[in-house]
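Asks: Numbering follows the numbering used here, with no gaps: position 142 of the sequence shown is 879.
Yeah, the Cβ is synthetic: ideal placement off N, Cα and C, and Gly gets one too.
Predicted model only: the values in this text are computed from it and were never measured.
Structure incoming, see below.
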Amino acid sequence: MTDHHAPASPTAVRLTDYTKSDQIEILGDSADPFGVADAGLTWLPKKEHFGIRRNGRLVAHAGLLLLPLSIDGVGTQVVGVGGVAVAPDLRGHGLARAVVSAALDHAREMGPRYGLLFCRPPLVPLYRRLGWRTVEQDVHVEQPEGPVIMPLRTMWTPLREDASWPPGEVRLLSLPM
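What follows is the structure, given as structure tokens:
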């Protein structure tokens, strides 16, 4: 009999790299592991990676990327959070919270005022529990054929105490992360 109870607080560590085989180790070899293929988007690879290993197996990941953003025509930068993955057999044990928290601890040192992520609507409650807030207006993102409106939900989190999301048109001035 295997013990399916996770340790009290999983510890996330910074990964030197994150490959397709690492992703398969967490999510399995699916054609659409994040359930976003039908959005038809081209995504950027993340630059910084955080993971949780359990018994030598990578079981959770979150990636970060510094990106240019414009809100109401004012240029700024955000830390994009993406590639958040938790092994299906270990969901519900706080691994998403632990790996996203570790990534955000690092993001706070990167400079921008906001963290940004895109997710499928069923994941909005999970990210809300982790302190993320919904961006209510449409968000434009770059794609190889030109700007499109992001079909997924856009969420943000403050990376500084005084950060609040300003009103106005939101444009991610790059491919999404």
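Tell whether a beta-carbon distance below 7 Å holds between His786 and Leu752.
Replies: Their beta carbons are under 7 Å apart, which means His786 touches Leu752 by this criterion.
Asks: Give me the residue from Pro881, Gly793, Val878 with the minimum Cα distance to Asp759.
Replies: Cα-wise, what sits closest to Asp759 is Gly793.
Asks: Give me whichever residues DSSP pairs with Glu785 in a beta bridge.
Replies: Its beta-bridge partners are Leu801.
Asks: Can you tell which of Val773, Ser767, Gly765, Asp754 has its C-alpha closest to the C-alpha of Arg857?
Replies: Out of Val773, Ser767, Gly765, Asp754, Val773 has the C-alpha closest to the C-alpha of Arg857.
Asks: Measuring alpha carbon to alpha carbon, tell me which residue in Phe855, Ile886, Arg834 is nearest Val816.
Replies: For the residues Phe855, Ile886, Arg834, the minimum Cα distance to Val816 belongs to Phe855.
Asks: For Arg857, which three-state DSSP category applies?
Replies: Coil at Arg857, not helix or strand.
Asks: For Arg908 and Gly868, I'd like the C-alpha separation in whole angstroms.
Replies: One C-alpha to the other measures close to 22 Å.
Asks: Taking the Cβ atom as the reference point for each residue, do Leu896 and Gly852 lie within a distance shorter than 7 Å?
Replies: For Leu896 and Gly852, yes; Cβs fall inside 7 Å.
Asks: Whose C-beta lies closer than 7 Å to the C-beta of Asp809 among residues of the same chain, with five residues either side of it excluded?
Replies: Closer than 7 Å at Cβ, skipping near neighbours: Pro903, Pro904, Gly905, Glu906.
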